[in-house]
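A quick write-up on the structure given underneath.
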Amino acid sequence: MFCEKAMELIRELHRAPEGQLPAFNEDGLRQVLEEMKALYEQNQSDVNEAKSGGRSDLIPTIKFRHCSLLRNRRCTVAYLYDRLLRIRALRWEYGSVLPNALRFHMAAEEMEWFNNYKRSLATYMRSLGGDEGLDITQDMKPPKSLYIEVRCLKDYGEFEVDDGTSVLLKKNSQPG
Amino acid sequence: MSEAYFRVESGALGPEENFLSLDDILMSHEKLPVRTETAMPRLGAFFLERSAGAETDNAVPQGFALLPRLECSGVIWLTAALTSQAPEILPPQPPMWLVLQGSKLELPLWLAKGLFDNKRRILSVELPKIYQEGWRTVFSADPNVVDLHKMGPHFYGFGSQLLHFDSPENADISQSLLQTFIGRFRRIMDSSQNAYNEDTSALVARLDEMERGLFQTGQKGLNDFQCWEKGQASQITASNLVQNYKKRKFTDMED
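In the order they appear, the protein sequences are chains U and Y.
The opening position of the first sequence corresponds to residue 1 in the UniProt record's numbering, with each subsequent residue numbered one higher.
The opening position of the second sequence corresponds to residue 1 in the UniProt record's numbering, with each subsequent residue numbered one higher.
Below, the structure is given as structure tokens:
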């Protein structure tokens, strides 16, 4: 039965507990691509024979191989895409620098994708929040308390807050 | 669980599977009985490479069954029963298998879908047992007793996609799927919301994949709520992903 190797790839990913990145199965992928090549070539020759030799009974066979090709394609694309989703999650959960163990699990192209993603994210973060940018990968949960620590940069004098209390703002003091 | 990992969800319950969904790919790998309406010559490698190397996460043993000895143009084709659970049954056969007209086979859903058309020129599809009249009656009697994991771990998804084959029983099948789910849902919801910090394997053993997903969602909600109640929600903890990787690294060093 065709597409068994492709299914192995899918099962490998499915088995990894939610979100973890298993090693890149380069061998498996190569075998799937070889199978696709063989199917394609067989189909090519059968199509020629069907057209010129009038063998329309080959058509179901051609369709069969075509379905297998489509299935292999679906499995490989889904495999690669799901890995990218996991790698993207790594940036958000782990940070910019990945441990070596993880890096060995990634293919060279995946590493390149990761670097591009990091760069896009960094560019975006720099564009927020004025001059310094805003690191949105930190503090992803809303703050639990209503008050935050503030340090005054300049002398301002008396300042009246929404609820009526007034606060004295003096340079470098930290009113609660 | 990684909170930043957003996998592609299954679309099997809707009109079409999601192309990129791993769950849908696994679901459409399950087999259903078909009858070939025409011969398919030259499929030499078709049965040669048995699914010996492929383990299934699912416990359902499926097999290929070919018609017993047939003659065609002076060549004799032999029977074979191949099951993916017993790879040692047959030594590798010479690549002379031909799928003849009128043979009954079990093909994966993706293949059946691809070869099927309205005029049934290549295949005609039969319903698997559990979607037929007999089992439908069982489900309507008491949906809770059935072990849906054994019945094909993607009962609802597979059943929904079966509707593509324009069986005259489609209306009954869809009703049966719906009613079965309605019957079982209460128990799933109850158990997922009340099993805190305990071994849930007994509770999920008889659920199919979709129901297990629901159960997990319920558990997550419950755990998050308990976490909040204990005031742990605002504590910063290392992400699960990071913890898992750290654990793994240690065992790697030990090897």
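From the three backbone atoms N, C-alpha and C, an ideal C-beta is built for every residue, glycine too.
query	result
Minimum Cβ-Cβ distance from Y:G114 to chain U less than 9 Å	yes
Buried versus exposed call for Y:P15 [16 or more other C-beta atoms within 10 Å across all chains shown]	exposed
Of the residues U:R30, U:Q31, U:L9, the one placed nearest U:L21, counting alpha carbons only	U:L9
Under 9 Å between C-beta atoms of Y:L203 and U:A78	no
Distance, U:K118 Cα to Y:W228 Cα	32 Å
Spatially closest choice to Y:P143 from Y:L178, Y:A205, Y:L100, Y:I122, by CA coordinates	Y:L178
Of the listed residues U:M111, U:N116, U:K63, U:E18, nearest to U:Y40 (C-alpha basis)	U:K63
Helix, strand or coil at Y:A52 [DSSP, three-state]	Its pLDDT being 35, under 50, Y:A52 is placed unreliably in this model, and the value from its coordinates should be taken loosely. If DSSP states are grouped into helix, strand and coil, Y:A52 belongs with coil.
Alpha helix (DSSP H) runs contained entirely in the stretch 123-202 of chain Y, provided each spans 4 or more residues	133-141, 155-162, 170-194
Whole alpha helix (DSSP H) elements within the UniProt domain "GINS subunit" (42-128) of chain U, 4-residue minimum	59-94, 100-105, 108-127
Inter-residue Cα distance where the pair is Y:S176 and Y:K220	29 Å
At least 3 beta-carbon pairs within less than 8 Å: the stretch 30-44 of chain Y vs the stretch 43-62 of chain U	yes
Beta carbon proximity, U:G53 to chain Y, threshold 9 Å	no
Buried versus exposed call for U:E34 [16 or more other C-beta atoms within 10 Å across all chains shown]	exposed
Min CB distance Y:S21 to chain U below 9 Å	yes
Members of the stretch 24-42 of chain Y near chain U, C-beta cut-off 8 Å	I25, L26, H29, T38, A39, M40, P41, R42
Closest by C-alpha distance to Y:M40, when choosing among Y:K129, Y:L105, Y:D172, Y:A141	Y:L105
For Y:T36, the residue or residues it bridges with in DSSP	Y:L123
Exposed unless 16 or more other CB atoms sit within 10 angstroms - verdict on U:L128	exposed
Whole-angstrom distance between Y:W135 and U:N100, CA atom to CA atom	53 Å
Residue-chain proximity (U:R71, chain Y), Cβ-Cβ < 9 Å	yes
Distance, Y:D208 Cα to U:T76 Cα	26 Å
Cβ pair U:N72, U:A6 closer than 9 Å	yes
Cβ separation of U:E93 and Y:A4, assumed to be a contact under 8 Å, to the nearest whole Å	5 Å
Closer than 9 Å at the beta carbon, the chain Y residues around U:F114	Residues of chain Y passing the Cβ test: none, with the nearest at roughly 14 Å.
Euclidean distance between Cα positions of Y:D199 and Y:D24	28 Å
Residue span of the beta strand (DSSP E) that contains Y:F215, given as start and end	Element bounds for Y:F215: not the beta strand (DSSP E) but the alpha helix (DSSP H), 209-229.
Beta-carbon spacing of residue 295 of chain Y, Y:S192 below 9 Å	The displayed coordinates of chain Y run from 1 to 255. Any statement about residue 295 of chain Y would go beyond what the structure contains.
Unbroken alpha helix (DSSP H) run spanning Y:G114, endpoints	109-115
Spatial distance of U:E49 from U:R55 (CA atoms)	6 Å
Rounded C-alpha distance that separates U:A38 from U:L29	14 Å
Supposed close pair Y:L109, Y:S174 - CB separation, criterion 8 Å	That belief does not hold up - the Cβ atoms of Y:L109 and Y:S174 are roughly 17 Å apart, past 8 Å.
Check whether Y:F165 and Y:F116 have beta carbons under 9 Å apart	yes
8 Å contact criterion, which Y:A205 and Y:H149 should meet: CB distance rounded	7 Å
Run of the beta strand (DSSP E) containing U:E158, from where it starts to where it stops	157-160
Where Y:E106 sits in the DSSP three-state scheme	strand
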